[in-house]
Amino acid sequence: MGKIHTHYDNLKVARGAPQEVVRAAYKALSQKYHPDKNPGDDRAARIMAIVNTAYGTLSDPQRRKEHDDWIAQEEYEIELVDSTRQDDPHRTVEVPVGGWSDGALPVRRRPRTAALRLWITAVTCLGAGWIGGVFTVTEPRQVSTVLATAWGGKPAGEVTATANAYPRTVPGAAANDGWESTPRPYSPDSDAQPPPIKVVAVSQVILPGYSGECENETPALAAPNGEPWPTQSGYVEGFPLMNRGQDMQLTLDNGDNAFPVFIKVYDLERRSNVRYVFVQSQDKFVVDGLASGRYEIRYQNIDLAGKNSCTRRQRG
1 MGKIHTHYDN
11 LKVARGAPQE
21 VVRAAYKALS
31 QKYHPDKNPG
41 DDRAARIMAI
51 VNTAYGTLSD
61 PQRRKEHDDW
71 IAQEEYEIEL
81 VDSTRQDDPH
91 RTVEVPVGGW
101 SDGALPVRRR
111 PRTAALRLWI
121 TAVTCLGAGW
131 IGGVFTVTEP
141 RQVSTVLATA
151 WGGKPAGEVT
161 ATANAYPRTV
171 PGAAANDGWE
181 STPRPYSPDS
191 DAQPPPIKVV
201 AVSQVILPGY
211 SGECENETPA
221 LAAPNGEPWP
231 TQSGYVEGFP
241 LMNRGQDMQL
251 TLDNGDNAFP
261 VFIKVYDLER
271 RSNVRYVFVQ
281 SQDKFVVDGL
291 ASGRYEIRYQ
301 NIDLAGKNSC
311 TRRQRG
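At position 116 of the sequence shown (counting the first as 1) the number is 116 in UniProt numbering, and the numbers step up by one without a gap.
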């Protein structure tokens with residue numbers, strides 16, 4: 001399993017450390033790296049700034065809870081990627097293929113069944129909704145990228161993605177000495193160069209209708225949090241709402257689909273899911289309060305009744 005770097009690592013304490021241990025660790029590191037004791041030492045000054053940031057997060061109960069939720073979400077994603085690569089070492093897609101089971105949740109940590117190892121990412125359509133245009137994907141088996149920038153007409157070149165809780169580190173800005181200025185998500189492809197990407201403003205994503213193919217469909221009576229699927233379109237409970245901001249809205253339109261869908265809004269720069277949404281068939285849901293950024297829509301058809309032809313073939 002991959003490793004992510006957290007504020008706990010920067011303070012050299014365990015994740016469940018009580019506040020007195022956190023304070024003691026901060027005091028010890030401050031005595032070692034404080035600029036007054038290391039005049040002219042740029043490395044000590046940088047480490048002290050990192051320690052201050054880590055302590056500011058872990059000493060505040062609300063910020064620490066958000067950080068713990070972020071860690072759980074990242075580790076959940078790592079397990080999915082690792083388990084898929086073990087099942088099929090020749091696959092090159094970022095996420096597992098297949099169906100969700102009813103057992104996994106990054107916050108509650110319920111047991112997962114083998115079916116959870118199968119997950120497909122089918123990314124749908126691009127649209128410049130604020131000017132009234134919608135581009136719909138016609139082949140759901142292909143993985144298409146939905147890139148969203150600031151909601152409000154900014155040119156693509158002026159837009160920068162933001163994640164309010166965890167700003168990104170500029171690669172190469174500091175030596176790789178075991179200290180990280182911000183929590184760093186694990187990425188198995190972190191050294192790979194991403195392909196050129198054209199960023200466009202997006203306000204609406206239209207999910208394609210059911211195509212008769214089974215690889216993006218799963219029978220699931222329970223949501224990933226172990227609870228029954230919601231009766232109305234909305235966020236799936238138990239998952240944090242990340243990348244909060246007032247920059248954009250994203251409409252997820254499932255009006256042409258006979259199946260409800262489970263959707264992940266994926267931040268391409270943070271390499272993590274920031275929203276988890278369930279949208280009923282013939283319905284739509286607005287994801288609002290998003291910070292500007294580059295996002296990918298990952299969805300899966302959910303066969304709640306488990307009675308269609310795909311489900312019968314899976315059962316044998």
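All C-beta atoms in this analysis are idealised placements derived from N, C-alpha and C, irrespective of residue type, glycine included.
8 Å or more divides the Cβ of N273 from the Cβ of K284. In this structure, the beta-carbon distance from I206 to D253 falls below 8 Å.
With fewer than 16 neighbouring CB atoms inside 10 Å of its own CB, Q246 falls in the exposed class.
In this structure L11 touches V51 by the C-beta definition: roughly 7 Å separates them, less than 8 Å. By the neighbour-count definition (other C-beta atoms within 10 Å, threshold 16), Q232 is an exposed residue. Among the bridge pairs identified by DSSP, Q204 is matched with T251.
Within the DSSP secondary-structure output, S272 pairs in a beta bridge with D267. Between G234 and R46, the alpha-carbon positions lie close to 43 Å from each other. Shown here for R15: same chain residues with a beta carbon closer than 8 Å to its own, the five before and five after excluded, namely T6, Y8, D68 and I71 in chain order. In this structure, the beta-carbon distance from F262 to P230 does not fall below 8 Å. Scanning I4, L250, A54 and Y26 for the CA closest to the CA of Y276 turns up L250. With contacts defined as CB atoms closer than 8 Å, N225 and G238 qualify as a contacting pair. Inter-residue distance for L29 and R64 is about 19 Å (C-alpha atoms, whole angstroms). Listed in chain order, the non-local C-beta contacts of T57 below 8 Å within the same chain comprise H7, R63, R64 and H67, local neighbours out to five positions each way being set aside. Listed in chain order, the non-local C-beta contacts of V236 below 8 Å within the same chain comprise A223, P224, N225, P230, F262, Y276, V277 and F278, local neighbours out to five positions each way being set aside. For G56, the uninterrupted alpha helix (DSSP H) run begins and ends at D42 to L58, by DSSP.
Sorting Q282, L290 and D267 by C-alpha distance to the C-alpha of E77 places D267 at the top.
Straight through space, the alpha carbons of H34 and Y295 are spaced by roughly 39 Å.
Per DSSP, the continuous beta strand (DSSP E) segment holding E296 begins and ends at Y295 to D303. Ranked by Cα distance from Q300, the first of R271, A24, F259 and A54 is F259.
Cβ contact annotation for P240 (same chain, cutoff 8 Å, sequence separation greater than five): E66, D69, W70, Q73 and V107, in chain order.
Secondary structure note for V22: its alpha helix (DSSP H) is the uninterrupted segment Q19 to Y33. No residue range can be given for L221, since it is assigned to no beta strand (DSSP E) and is classified by DSSP as neither H nor E. Sequence-distant Cβ neighbours of A25 in its own chain, meaning closer than 7 Å and more than five residues away, are L11, K12 and V13. Annotation for D288: the continuous beta strand (DSSP E) segment containing it runs K284 to L290. Rounded to the nearest whole angstrom, the C-alpha separation of A291 and N243 is 5 Å. If you draw a straight line from the Cα of N38 to the Cα of M48, it is about 10 Å long.
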